[in-house]
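First up is the structure itself, then whatever we jot down about it.
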Amino acid sequence: MRTQVAIIGGGPAGLLLAEILHRNGVQSVVLERQTRSHVLGRIRAGVLEPWTIDVLRENGLAARLEHEGHRHDGVWIVWGGREFLIDINRHLGKQFVAY
Numbered sequence: 000m001r002t003q004v005a006i007i008g009g010g011p012a013g014l015l016l017a018e019i020l021h022r023n024g025v026q027s028v029v030l031e032r033q034t035r036s037h038v039l040g041r042i043r044a045g046v047l048e049p050w051t052i053d054v055l056r057e058n059g060l061a062a063r064l065e066h067e068g069h070r071h072d073g074v075w076i077v078w079g080g081r082e083f084l085i086d087i088n089r090h091l092g093k094q095f096v097a098y
């Protein structure tokens with residue numbers, strides 16, 4: 000098998016990279032040590048930062064996220080017993096999305 004790019008890991012970053020390369024005419028192969036059923040069966044949920052969402056939008060991959068994601072204006076961080084709000088919407092006009 001010959002390919003232009005080998006991607007190590009079929010997690011979210013590896014799969015996103017493979018899709019972006021494919022859309023731009025670059026052949027790639029994703030190498031993953033787990034089985035296909037393991038990768039497809041894992042529950043993946045988390046908070047996506049605005050810049051990650053921008054990359055998904057730019058590549059036409061955000062439709063489902065836009066429809067099903069839960070938007071948050073910021074995040075709370077607890078440090079040394081004190082709580083701090085990072086209000087990214089107020090400062091940058093962007094939001095985090097839990098998906």
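Under numbering that gives the first Met the number 0, the residue at position 45 of the sequence shown is numbered 44, and the numbers go up by one with no gaps.
We treat Cβ as the ideally placed atom computed from N, Cα and C, and that holds for glycine.
- Within the same chain, Arg43 come within 7 angstroms of Pro11 by CB-CB distance, once the 5 residues on both sides are set aside.
- In the displayed model, Leu39 falls within a helix according to three-state DSSP.
- Taking the CA atoms as reference points, Gly73 sits about 25 angstroms from Leu15.
- When beta bridges are read from the DSSP output, Gly73 appears opposite Asp86.
- Secondary structure at Arg1: coil, using DSSP grouped into helix, strand and coil.
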